[in-house]
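Residues in the sequence shown are numbered consecutively from 4, following the working numbering. Heads up, the beta-carbon is just placed ideally off N, CA and C, and yes, glycines get one too. Working notes, beginning with the structure itself.
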Amino acid sequence: MRQKGIRMSARFDTCNGTLVIHAVGGAECTEPDCVDLEYVRHFLVLECEEVTGGCQCTALVEFAQAS
4 MRQKGIRMSA RFDTCNGTLV IHAVGGAECT EPDCVDLEYV RHFLVLECEE VTGGCQCTAL
64 VEFAQAS
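See below:
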């Protein structure tokens, strides 16, 4: 039964990194070798403002909205 689970997981193209979606557009993954930034490949997807320490792009969006 265990081997069936291993074969099943080999069918899915997933990434173990966290996908970070930026407020100004675009995305990046915490896994350096990740080249496919599709939502469905990642177990965890965060907006950049949720990342500890924040992101510089959220400050740019806030500045643009205030102008």
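| Query | Result |
| --- | --- |
| Note the first and the last residue of the continuous beta strand (DSSP E) segment covering Val23. | Cys18 to Ile24 |
| How about Val23 and Glu31: are their beta carbons less than 9 Å apart? | yes |
| So Val27 is in the beta strand (DSSP E); what residue range does that whole segment cover? | First-last for Val27: undefined, no H or E at that position. |
| Please work out which residues of its chain come closer than 6 Å, Cβ to Cβ, to His25, disregarding the five sequence neighbours upstream and downstream, and give them in chain order. | Cys51 and Cys60 |
| What number of angstroms, rounded off, separates the C-alpha of Asp16 from the C-alpha of Thr55? | 28 Å |
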